[in-house]
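Asker:
Chains as they are written, first to last, in my numbering: chain A, 31 to 140; chain B, 2 to 115.
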C-alpha cells in the first residue's frame, strides 16, 4: 500500500521555469511533510519541510504548498537552474519513521 | 556536519551468499534506518533501530536482518542473497525530538546479486 503518491515520475523544464511536483497522502495522522533532494551518487538530503498547521513555506527558491483538506502538498522551484536537476522525494511521517513517495527525476535544461 | 558512511559503494555477490552492509554515523544519533531504493518505488524502509540492541521491522523486512551492537553502527544482513535483492541500499540516522525528524543519509551501496 503506497501511503504517499508522488507525480510526475519525471519532469523536464527550461531554465527559469517553475517545476511543480505533487504528492498526496492517505494517513491523516501524518504531521510532518519533508522534501528530500538527491543528486546522482549521493544520498538524499533534506531540502525543506512543512507541518500541517501552515499552508505554505518558502526557503529561498523552494516553496511547499500544503492543502490539508485535500491531503495534498507540492513543491515549487522558482527560477529553476540546471543545478536543480536531481531526483526529488516527498515524504510524510507521524513518528520517527518516514514514508516516501516514488520520486521525481527533474531535469532543468539550460 | 553529520556524516553517515557506508562500507561499500558497489558490491557484487552471488545468489545464496550471506551479505553484510555496514553503516556508521558520527553524530551520536539514537535512530538508525535501512532503506532500499528502486526506480519508481522510492525509498522503502527495511528495518530501523531506536537504540542499541533494539530493532523494529519496517515495510519490507523479509529476507533481511539487522544488528546494532554499538550506537554508531547499524548493519544490514542478507542471510541468503537473491537476485530480487539487487538494489541501492541507503542507511540513515536521526536524533529523536529534533522537531523535524530530519534523517541524514549515507551515499548508498549499490548491490548486485548474480
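The beta-carbon is built from N, C-alpha and C at its ideal position, and this holds for glycine as well.
Since this is a predicted model, take the numbers as computed values, not measurements.
1. Do you know whose CA, among A:74, A:135 and A:134, lies nearest residue 108 of chain B's CA?
2. Would you check if the distance between the CB atom of residue 49 of chain B and the CB atom of residue 64 of chain B is smaller than 8 Å?
3. Near residue 132 of chain A, what residues of its chain come up, given a Cβ to Cβ distance below 6 Å and the 5 sequence neighbours on each side ignored?
4. Buried or exposed: where does residue 49 of chain A fall if 16 or more other Cβ atoms within 10 Å of its Cβ makes it buried?
5. With a cut-off of 8 Å, does the C-beta of residue 108 of chain B fall near any C-beta of chain A?
6. Are the beta-carbon atoms of residue 92 of chain A and residue 76 of chain A separated by less than 8 Å?
7. Determine contact between the region 11-30 of chain B and the region 64-72 of chain A, defined as no fewer than three beta-carbon pairs at a distance below 8 Å.
8. When the cut-off is 8 Å and only beta carbons count, does residue 21 of chain B lie next to chain A?
9. Output, in chain order, the set of chain B residues within a Cβ distance shorter than 7 Å of residue 39 of chain A.
10. Could you list the residues in the region 66-98 of chain B with a C-beta less than 9 Å from some C-beta on chain A, going in chain order?
11. Candidates A:83, A:98, A:54 and A:101: which alpha carbon is nearest residue 119 of chain A's?
12. Using only CA atoms, which one of A:82, A:46 and A:34 lies nearest to residue 52 of chain A?
13. From the DSSP output, which residues share a beta bridge with residue 43 of chain A?
14. Could you tell me which whole beta strand (DSSP E) segments of length 3 or greater appear in the region 47-105 of chain A?
15. Do three or more CB pairs link the region 75-92 of chain B to the region 112-126 of chain A at distances below 8 Å?
16. Check each candidate in B:37, B:71 and B:51 and name the one with the smallest Cα separation from residue 62 of chain B.
17. Decide if residue 43 of chain B is buried, meaning its Cβ has at least 16 other Cβ atoms within 10 Å, or exposed.
18. Going along the region 107-129 of chain A in order, which residues come within less than 7 Å of chain B, judged by CB to CB distance?
19. CB-CB under 7 Å to residue 38 of chain A, same chain, minus the five flanking residues each way: which ones, in chain order?
20. Check each candidate in B:67, B:46, B:26 and B:81 and name the one with the smallest Cα separation from residue 6 of chain B.
21. Using DSSP with H/G/I as helix, E/B as strand and the rest coil, what is residue 84 of chain B?
Answerer: In short:
1. Here the closest residue by C-alpha is A:74.
2. Cβ distance not < 8 Å, so residue 49 of chain B and residue 64 of chain B don't count as in contact.
3. Short of 6 Å from the beta carbon of residue 132 of chain A, and not among the five residues preceding or following it, lie these beta carbons of its own chain, in chain order: 36.
4. It counts as buried.
5. Yes - at least one Cβ of chain A is within 8 Å of the one on residue 108 of chain B.
6. No, they are not a contact pair.
7. No, the region 11-30 of chain B does not touch the region 64-72 of chain A.
8. For residue 21 of chain B, no CB of chain A lies under 8 Å from its own CB, so it is not counted at the interface with that chain.
9. Per Cβ cutoff of 7 Å: 41.
10. Cβ contacts with chain A come from 91, 92, 93, 95 and 97.
11. Closest by alpha carbon: A:54.
12. Nearest of A:82, A:46 and A:34 to residue 52 of chain A, Cα basis: A:34.
13. Under DSSP, residue 43 of chain A shares a beta bridge with A:138.
14. Note on the region 47-105 of chain A: whole beta strand (DSSP E) runs with a minimum of 3 residues are 50-55, 63-68, 75-80, 86-89 and 92-97, in chain order.
15. Verdict: no, contact absent.
16. In this structure, B:37 is the residue among B:37, B:71 and B:51 with its C-alpha nearest to the C-alpha of residue 62 of chain B.
17. Residue 43 of chain B counts as buried, since at least 16 other C-beta atoms from the protein chains shown sit within 10 angstroms of its C-beta.
18. Taking 7 Å as the Cβ-Cβ cut-off against chain B, the residues of the region 107-129 of chain A that qualify are 119, 123, 126, 127 and 128.
19. Contacts found: 134.
20. Of the listed residues, the one whose Cα sits closest to residue 6 of chain B is B:26.
21. Helix, per DSSP.
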